[in-house]
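Residue numbers for the sequence shown follow our numbering, so the first one is 324 and each next one is one higher. Notes follow once the structure below has been shown.
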Amino acid sequence: MTSKEWFKQAQFGMMIHWGLYALPAGEWKGQRTPHIGEWLQAEYRIPMKEYERLASAFNPVLFDAEEWVKLAKGCGMQYLVVTSKHHDGFALYHSKVDPYNVYDATPFHRDVLAELAAACAKYDLKLGLYYSQDLDWHEPDGGGYTIGHTNMGGTTSWTNDWDFPDASKKDYSRYLEKKVKPQLKEILTGYGPLCLIWFDTPRTISLQQSQELYDMVKFYQPNCLVNSRIGNGLGDYRSMGDNEIPDQDFLEALVESPTTLNDTWGYKSFDNNWKPADQVRAIRRHLNDRGVNYLLNIGPDALGRIPAPAEAILRELAQP
């Protein structure tokens with residue numbers, strides 16, 4: 324079976340957004356964000372040095388890679404997509420390129436991706452990795468500096484313009500060469516066969532740069548698929564918009580709908596707007612009947628636990 328044939332029949336996968344943002348859990352200095360938890364640093368313009376201190380407290384002692392994988396496998400999911408690095412620049416693996424990672428910068432001192440890769444291999448679940456190739460708030464040259472603000476409150480910047488306010492001094496190509504390409508090589512060569520690389524938010528990246536990253540993926544892992552959020556019309560399959568549930572058919576195309584189980588991607592302690600199991604089943608039927616894979620996101624807490632309501636829903640999905 325080719326990688327594209329596998330993707331077409333996979334139908335159901337789990338996405339995991341996890342990182343330092345699980346610690347504040349949607350709250351910062353007496354404020355609760357009405358928006359998504361993993362964008363907390365940008366929304367509240369938290370200085371990089373202040374946000375970095377979260378790493379010294381990140382110690383998810385209850386993280387159990389096998390439990391995550393068995394939970395996904397048990398409810399019929401065929402693949403797992405995990406945030407190797409999100410927009411805050413923090414990596415969930417032992418990167419030799421940048422010490423701002425879960426192994427070097429935290430008391431946890433374990434490689435999350437290595438443990439998940441081993442668990443996926445053990446239980447025959449395919450592994451994909453999310454990598455934020457454009458935005459990076461930990462880097463002076465992180466992307467997004469040409470387009471202003473997002474729609475989250477109208478004041479949230481795509482780029483880190485609180486620590487690095489002068490857009491004229493930013494150069495995405497420096498960041499691409501210094502961090503993105505070397506880290507992409509690390510995740511492509513260090514964690515076994517990957518079913519896909521899930522890029523995101525292509526705001527600054529040029530066609531040539533998107534092509535370079537696409538070619539890198541295919542050089543190191545020819546059977547690894549690339550999603551459309553690599554940017555500039557490239558990619559092997561289409562990622563719909565966040566929480567977009569299309570009504571049209573895609574029976575001849577490769578399409579995936581990334582959605583959340585509640586209203587956030589990264590953990591937010593007070594977001595209890597969980598979709599019941601029956602609704603999840605209905606969404607899956609709706610998408611799969613139209614040829615669309617259902618990628619359902621969970622945001623684990625700072626201890627490494629799948630939130631109890633989310634786990635209960637997934638276990639209910641496992642019932643016939």
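Heads up, the beta-carbon is just placed ideally off N, CA and C, and yes, glycines get one too.
Mark residue i as exposed unless 16 or more other C-beta atoms lie within 10 angstroms of its C-beta, in which case mark it buried.
{"i": "Ala388", "result": "buried"}
{"i": "Arg607", "result": "buried"}
{"i": "Ile470", "result": "exposed"}
{"i": "Thr406", "result": "buried"}
{"i": "Thr429", "result": "buried"}
{"i": "Ser379", "result": "exposed"}
{"i": "Phe542", "result": "exposed"}
{"i": "Val540", "result": "buried"}
{"i": "Met324", "result": "exposed"}
{"i": "Asn424", "result": "buried"}
{"i": "Pro525", "result": "buried"}
{"i": "Glu579", "result": "buried"}
{"i": "Glu462", "result": "buried"}
{"i": "Asp570", "result": "exposed"}
{"i": "Leu548", "result": "buried"}
{"i": "Ser491", "result": "exposed"}
{"i": "Lys419", "result": "exposed"}
{"i": "Pro422", "result": "exposed"}
{"i": "Gly564", "result": "exposed"}
{"i": "Leu574", "result": "exposed"}
Cβ of residue i within 8 Å of Cβ of residue j?
{"i": "Thr589", "j": "Gly412", "result": "For the sequence presented, residue 589 should be read as Gly rather than Thr. No, they are not a contact pair."}
{"i": "Lys408", "j": "Gln544", "result": "no"}
{"i": "Val655", "j": "Trp521", "result": "Residue numbering for the chain in the displayed model covers 324 to 643; residue 655 lies beyond these limits and cannot be assessed."}
{"i": "Lys327", "j": "Leu517", "result": "no"}
{"i": "Asp594", "j": "Asp586", "result": "yes"}
{"i": "Arg561", "j": "Asp523", "result": "no"}
{"i": "Tyr464", "j": "Tyr514", "result": "The sequence given here places Asp at residue 464; Tyr does not occur at that position. Not a contact, by the Cβ cut-off of 8 Å."}
{"i": "Asn550", "j": "Leu519", "result": "yes"}
{"i": "Pro643", "j": "Trp597", "result": "no"}
{"i": "Lys396", "j": "Leu448", "result": "yes"}
{"i": "Phe431", "j": "Phe381", "result": "yes"}
{"i": "Pro363", "j": "Thr356", "result": "Note that residue 363 corresponds to Leu in the displayed sequence, not to Pro. Cβ atoms of Leu363 and Thr356: closer than 8 Å."}
{"i": "Gly353", "j": "Ser592", "result": "no"}
{"i": "Ile568", "j": "Leu530", "result": "no"}
{"i": "Thr479", "j": "Ala365", "result": "yes"}
{"i": "Gly477", "j": "His358", "result": "no"}
{"i": "Asp572", "j": "Arg613", "result": "yes"}
Below 8 Å on the Cβ atoms is my contact criterion, and I expect residue i with residue j to pass it. Report the Cβ-Cβ distance as a whole number of Å.
{"i": "Leu618", "j": "Thr582", "result": "7 Å"}
{"i": "Gly451", "j": "Leu458", "result": "No, Gly451 and Leu458 are not in contact; Cβ-Cβ is about 19 Å, not under 8 Å."}
{"i": "Ile636", "j": "Val615", "result": "With a Cβ gap of about 20 Å, Ile636 and Val615 do not count as contacting."}
{"i": "Gly627", "j": "Phe386", "result": "3 Å"}
{"i": "Leu415", "j": "Glu634", "result": "About 20 Å; that fails the 8 Å criterion."}
{"i": "Thr473", "j": "Trp481", "result": "6 Å"}
{"i": "Tyr454", "j": "Ile510", "result": "7 Å"}
{"i": "Ala641", "j": "Cys398", "result": "4 Å"}
{"i": "Ala444", "j": "Gln401", "result": "The Cβ separation is near 14 Å, so there is no contact."}
Tell me the DSSP bridge mates of residue i?
{"i": "Gly467", "result": "None; Gly467 has no bridge partner."}
{"i": "Tyr446", "result": "None; Tyr446 has no bridge partner."}
{"i": "Met337", "result": "Leu403 and Leu619"}
{"i": "Pro581", "result": "Leu618"}
{"i": "Val549", "result": "Ile520"}
{"i": "Tyr560", "result": "Asn550"}
{"i": "Trp351", "result": "Gln354"}
{"i": "Lys501", "result": "DSSP, once it has assigned bridges, lists no residue as partnering Lys501."}
Just to confirm, does residue i get its C-beta within under 7 Å of one of the non-hydrogen atoms of the ligand NAP?
{"i": "Asn566", "result": "Of ligands this structure carries none, so the ligand NAP is not represented either."}
Pair every Cβ in the region 340-356 with every Cβ in the region 618-632, then say whether three or more of these pairs are closer than 8 Å. Verdict: yes, contact present.
Stretch pair the region 486-505 + the region 517-537: three plus CB contacts closer than 8 Å: yes
Examine the Cβ distances between the region 473-493 and the region 369-379 and report whether three or more of them are shorter than 8 Å. By the Cβ criterion, the region 473-493 is in contact with the region 369-379, since at least three pairs of Cβ atoms, one from each stretch, lie closer than 8 Å.
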